[in-house]
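Working notes, beginning with the structure itself.
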Amino acid sequence: MLIGCPKEIKPQEFRIGLMPGAVFELTERGHQVVMETNAGTGAGFSDEDYIAAGAEIVASAKEVFDRADMIVKVKEPQSGERAMLREGQLLFTYLHLAPDPDQTQDLLNSGCTAIAYETVTDNNGGLPLLAPMSEVAGRLAPQVGSWTLQKANGGRGVLLGGVAGVSPSRVLVIGGGVVGTQAAKVAAGMGADVTVLDRSVNRLRYLDDVFGGTFKNTYATKAITAELAAQADLIIGAVLVPGAAAPKLITRAQLSDLKPGAA
-19 MLIGCPKEIK PQEFRIGLMP GAVFELTERG HQVVMETNAG TGAGFSDEDY IAAGAEIVAS
41 AKEVFDRADM IVKVKEPQSG ERAMLREGQL LFTYLHLAPD PDQTQDLLNS GCTAIAYETV
101 TDNNGGLPLL APMSEVAGRL APQVGSWTLQ KANGGRGVLL GGVAGVSPSR VLVIGGGVVG
161 TQAAKVAAGM GADVTVLDRS VNRLRYLDDV FGGTFKNTYA TKAITAELAA QADLIIGAVL
221 VPGAAAPKLI TRAQLSDLKP GAA
């Protein structure tokens, strides 16, 4: 199979669909790999790295799309990329179709076979391609939240962990899956007073058994969510519905009840 990997063009996206190590594994198994020039520079990989791994470097994304049997990307194809897809071609990438009907229609019109990373499921019902990105997102959330809480950034002017004589910030994490667990671990590690909400008693029991008091957990109801949101300095949404848009768990009315400068 001829596998193509173009440079990501979505704003602020610097990742690459194939690392040189993956290219080496594919070419060792008899596949051909075509990379757009400079496709890996944002992730720290040069064209020379890919050539050494066995890839062919071409000048444009169009040549990659024209030649490849399978396109491997990171983010959903942008409109210009979707126009280059063809019938029978395979597309392997994150798609997140639920909030993007235009993309869905373009993919249908192209006749390609599109496989979404975020819906690939293992034998245990897990999402092995989504989980690593969820870990990253969860760990970043308290760091970004801490920045937004600074007074200079329009926040409350509070530290997540507080200081001597000052109580730590209250962090509410809605959802106890991969994102929520990682967010709670980091926020608690920064010294915050953390509460995780979830609607699975088994998941709450797991969090309690594994993390044993590192952070609190509570069964999520609308009333509890509203009460804790009003008390929180930082709220992190971490609910996943596989293959669908994330639900809206904080209402507009509840937003008006948040502390001034809360994030």
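Residue numbers for the sequence shown follow the working numbering, beginning at -19 and rising by one. Glycine included, each C-beta is placed from N, C-alpha and C at the ideal position. None of the values given here were measured: they were computed from a predicted structure.
Item                                                                                                                                                     : Value
Have a look at ALA172 and LEU184 and give me their C-alpha separation to the nearest angstrom.                                                           : 19 angstroms
Given this structure, state the Cα-to-Cα distance separating ALA210 from GLY217, to the nearest angstrom.                                                : 15 angstroms
Within this structure, are the beta carbons of ALA233 and LEU214 separated by less than 9 angstroms?                                                     : no
To which residues of the same chain is ALA117 closer than 7 angstroms at the C-beta, ignoring the five residues directly before and after it?            : VAL159
Just to confirm, is the Cβ distance from GLY22 to TYR30 under 9 angstroms?                                                                               : no
Can you tell me whether TYR74 is helix, strand or coil according to DSSP?                                                                                : coil
Quick one: what's got a C-beta closer than 8 angstroms to ARG179's C-beta in the same chain, skipping five residues either side?                         : TYR199, ALA200
What alpha helix (DSSP H) runs, 4 residues minimum, are completely inside the region 98 to 155?                                                          : 111 to 128
Which residue comes first and which comes last in the alpha helix (DSSP H) that contains VAL181?                                                         : 181 to 191
Is the CB-CB distance between ALA164 and THR194 below 9 angstroms?                                                                                       : yes
Whole angstroms are fine: how far does the CA of GLY135 sit from the CA of GLY141?                                                                       : 15 angstroms
Which of the three DSSP states, helix, strand or coil, is assigned to ASN18?                                                                             : coil
I'd like the list of long-range same chain contacts for LYS53, defined as Cβ closer than 6 angstroms, with 5 residues on each side in sequence excluded. : GLY(-3), THR73
Which runs of the alpha helix (DSSP H) spanning at least 4 residues fall entirely within the region 23 to 92, listed in chain order?                     : 27 to 33, 41 to 47, 59 to 62, 81 to 90
For LYS(-13), count neighbouring Cβ atoms within 10 angstroms of its own Cβ and tell me buried if that reaches 16, exposed if not.                       : buried
For SER90 and ARG66, what's the separation of their Cα atoms in angstroms?                                                                               : 5 angstroms
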